[in-house]
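Engineer: Have a look at the structure that comes next, please.
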Amino acid sequence: MSDTGLTRFSINQMTVKQLSLPELTAACRELGIGNVGLWREPVQAYGVEAAAKLVRDAGLTVTTLCRGGFLTALDPGERARALADNRRAIDEAAALGTDTLVLVSGGLPAGDKDLRAARERIADALAELGPYAERHGVRLAIEPLHPMYAADRCVVSTLAQALDLAERFPAQQVGVTVDTYHIWWDDRAPEQIARAGAGGRIHTFQLADWTTPLPEGVLNGRGQIGDGAIDMREWKGYVEAAGYTGAIEVELFNEGLWARDGREVLAETAARFAAHAGDVADTSPGK
Numbered sequence: 001m002s003d004t005g006l007t008r009f010s011i012n013q014m015t016v017k018q019l020s021l022p023e024l025t026a027a028c029r030e031l032g033i034g035n036v037g038l039w040r041e042p043v044q045a046y047g048v049e050a051a052a053k054l055v056r057d058a059g060l061t062v063t064t065l066c067r068g069g070f071l072t073a074l075d076p077g078e079r080a081r082a083l084a085d086n087r088r089a090i091d092e093a094a095a096l097g098t099d100t101l102v103l104v105s106g107g108l109p110a111g112d113k114d115l116r117a118a119r120e121r122i123a124d125a126l127a128e129l130g131p132y133a134e135r136h137g138v139r140l141a142i143e144p145l146h147p148m149y150a151a152d153r154c155v156v157s158t159l160a161q162a163l164d165l166a167e168r169f170p171a172q173q174v175g176v177t178v179d180t181y182h183i184w185w186d187d188r189a190p191e192q193i194a195r196a197g198a199g200g201r202i203h204t205f206q207l208a209d210w211t212t213p214l215p216e217g218v219l220n221g222r223g224q225i226g227d228g229a230i231d232m233r234e235w236k237g238y239v240e241a242a243g244y245t246g247a248i249e250v251e252l253f254n255e256g257l258w259a260r261d262g263r264e265v266l267a268e269t270a271a272r273f274a275a276h277a278g279d280v281a282d283t284s285p286g287k
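Here the sequence shown is numbered in the UniProt record's numbering, starting from 1 and rising by one per residue.
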């Protein structure tokens, strides 16, 4: 695959969620794609062990499992359930053969306005989950989300905040997810990527473009690579300068893409990756 610019490309399952897991693995095999990032819900529906065998038989490497997290609850019962669910997520990641579980930390509980306290509850949860993850050969990757998600989805909005949490724990337990969609606006992000790299804490790197106008609800507004405002090679350069050499996932939440033929979207996404973030410049057919 090295002559196609796709050596490090990983397709996140959410980008082509209209494809079943067997359809996704078959399409990856046909298109010469060797890496995939999986999501818990479709994996659970298919069966964790069956999914692990399916991707293994297809010769695919599972780069990440999404997602754990949602660790900000105030209610003790809710907190206990969240911790139990994250331990299950760690077990699932280990069964699938990936060493990285992506964490979306959770928003503010209903009626709560204390962001700092919510982040401390995340730290308390990581203190319990980190050692469990390490025993299973899995790393937790805190993903900062764009500030527009701070209230309802993720109180960790910047790489600096994510690293302030992660650095309380060993790097083999807790690191960060670097996702262009969520950090491209932050002029401190490049120095924080360097900080993360120096500590061995860049556990995964994800791409999505920023296009406007955002859809109502904003969640499903991630643009196809090359359609928006983000310079993918610039951000790839930052993570590589920080020492990251791993797979690069494209993770798109996009209603327009989901309405199309999934195999067509997968092929388009691979081509966009090769053109905008691939390891070689010449991606023309036959080269």
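For each residue, glycine too, the CB sits at the ideal point set by N, CA and C.
As the structure is a prediction and not an experimental result, all values here were calculated from the model.
Which first and last residues belong to the beta strand (DSSP E) in which Arg249 is found?
Structural biologist: Translated into the one-based positions of the sequence shown, residue 249 becomes position 249. The residue asked about is misnamed: residue 249 is Glu in this sequence, not Arg. Where Glu249 is concerned, the enclosing beta strand (DSSP E) stretches over Ile248 to Val250.
Engineer: Is it buried or exposed, Lys113, if we count other Cβ atoms within 10 angstroms and call 16 or more buried?
Structural biologist: Within the sequence shown, the letter at position 113 stands for residue 113. Exposed is the call here.
Engineer: Considering Ala141, what are the terminal residues of the beta strand (DSSP E) in which it resides?
Structural biologist: For this step, residue 141 is matched to residue 141 along the sequence shown. Per DSSP, Ala141 belongs to the beta strand (DSSP E) from Arg139 to Ile142.
Engineer: Measuring straight from C-alpha to C-alpha, what distance separates Pro213 and Arg135?
Structural biologist: Reading the sequence shown from its first residue, position 213 is the one you call residue 213. Reading the sequence shown from its first residue, position 135 is the one you call residue 135. The alpha-carbon atoms of Pro213 and Arg135 are separated by roughly 44 angstroms.
Engineer: From Arg263 to Val16, what does the alpha carbon distance come to, in whole angstroms?
Structural biologist: The count along the sequence shown starts at 1 and reaches residue 263 at position 263. The count along the sequence shown starts at 1 and reaches residue 16 at position 16. Distance between the alpha carbons of Arg263 and Val16: 8 angstroms.
Engineer: Give the secondary structure of Leu115 by DSSP, where H, G and I count as helix, E and B as strand, and everything else as coil.
Structural biologist: Mapped onto the sequence shown, residue 115 falls at position 115. It is helical.
Engineer: Between the C-alpha atoms of Ala51 and Thr269, what's the straight-line distance to the nearest angstrom?
Structural biologist: Looking up residue 51 in the sequence shown gives position 51. Looking up residue 269 in the sequence shown gives position 269. Taking the straight line from one Cα to the other gives about 23 angstroms.
Engineer: Arg153: which of Val104, Ala166 and Tyr181 sits nearest, CA to CA?
Structural biologist: In the sequence shown, counting from the first residue as 1, residue 153 sits at position 153. For Arg153, the nearest C-alpha among the options comes from Val104.
Engineer: Taking only the alpha-carbon atoms, compute the straight-line gap between Trp185 and Glu234 and give it to the nearest angstrom.
Structural biologist: By one-based count along the sequence shown, residue 185 stands at place 185. By one-based count along the sequence shown, residue 234 stands at place 234. Looking at the two C-alpha atoms, the distance is approximately 13 angstroms.
Engineer: Okay, do the segment 64-76 and the segment 118-128 touch, 3+ Cβ pairs below 8 angstroms being the bar?
Structural biologist: yes
Engineer: Going by the beta-carbon positions, is the gap between Gly37 and Thr64 smaller than 9 angstroms?
Structural biologist: Mapped onto the sequence shown, residue 37 falls at position 37. Mapped onto the sequence shown, residue 64 falls at position 64. Gly37 places its beta carbon less than 9 angstroms from that of Thr64.
Engineer: Could you tell me the distance, in whole angstroms, from the CA atom of Val218 to the CA atom of Thr211?
Structural biologist: Position 218 of the sequence shown, counted from the first residue, corresponds to residue 218. Position 211 of the sequence shown, counted from the first residue, corresponds to residue 211. Pairing Val218 with Thr211, the inter-Cα distance amounts to about 11 angstroms.
Engineer: By alpha-carbon positions, which one of Tyr132, Gly47, Glu255 and Val156 ends up nearest to Arg222?
Structural biologist: Position 222 of the sequence shown, counting from 1, holds the residue named residue 222. For Arg222, the nearest C-alpha among the options comes from Glu255.
Engineer: Can you give me the Cβ contacts of Ala150 inside the same chain, cut-off strictly under 8 angstroms, excluding the 5 residues immediately before and after it?
Structural biologist: Residue numbering aside, residue 150 sits at position 150 when the sequence shown is read from its first letter. Cβ within range, chain order: Gly107, Leu108, Leu115 and Ser157.
Engineer: Excluding sequence positions up to five away, which residues of its chain have a Cβ less than 7 angstroms from the Cβ of Gly199?
Structural biologist: The residue given as residue 199 occupies position 199 in the sequence shown. Hits under 7 angstroms: Glu167 and Ala171.
Engineer: In whole angstroms, what is the alpha-carbon distance linking Asp231 and Asp124?
Structural biologist: Position 231 of the sequence shown, counting from 1, holds the residue named residue 231. Position 124 of the sequence shown, counting from 1, holds the residue named residue 124. The straight-line gap from Cα to Cα measures roughly 36 angstroms.
Engineer: Within a Cβ cutoff of 8 angstroms, which residues of the same chain sit near Asp209, ignoring the five residues on either side of it in sequence?
Structural biologist: Taking the sequence shown and counting its residues from 1, the one referred to as residue 209 is at position 209. Contacts found: Thr180, Tyr181, Arg222, Gly223, Gln224, Ile225, Gly226, Asp227, Gly228, Ala229, Ile230 and Met232.
Engineer: Looking only at C-alpha atoms, which of Gly97, Met148, Ile193 and Gln44 sits nearest to Lys236?
Structural biologist: Counting from 1 along the sequence shown, the entry for residue 236 is found at position 236. By alpha-carbon distance to Lys236, the top candidate from Gly97, Met148, Ile193 and Gln44 is Ile193.
Engineer: List the residues that DSSP assigns as beta-bridge partners of Phe70.
Structural biologist: For the purposes of this step, residue 70 is taken as the residue at position 70 of the sequence shown. Per DSSP, none; premise fails for Phe70.
Engineer: Going residue by residue through the segment 9-42, where are the continuous alpha helix (DSSP H) segments of at least 4 residues, counting only ones entirely within it?
Structural biologist: 21-31
Engineer: So, at 8 angstroms on beta carbons, what are the nonlocal neighbours of Glu23 in its own chain, with the 5 sequence-adjacent residues on each side left out?
Structural biologist: For the purposes of this step, residue 23 is taken as the residue at position 23 of the sequence shown. Here the set comprises Gly262 and Arg263.
Engineer: Compare the C-alpha of Pro42 against each of Lys53, Ala196 and Met14 and name the closest.
Structural biologist: As a working note, residue 42 is residue 42 in the sequence shown. Of the listed residues, the one whose Cα sits closest to Pro42 is Met14.
Engineer: Asp99: buried (16+ other C-beta within 10 angstroms of its C-beta) or exposed?
Structural biologist: Start at 1 with the first residue of the sequence shown, and residue 99 comes out as number 99. Buried is the call here.
Engineer: Is Asp3 helix, strand or coil by DSSP?
Structural biologist: Indexing the sequence shown from 1 puts residue 3 at position 3. Confidence at Asp3 is low in this model, with a pLDDT of 40, below 50, so its placement is unreliable and the value that follows should be read with caution. In the structure shown, Asp3 sits in a helix (DSSP, three-state: H, G or I).
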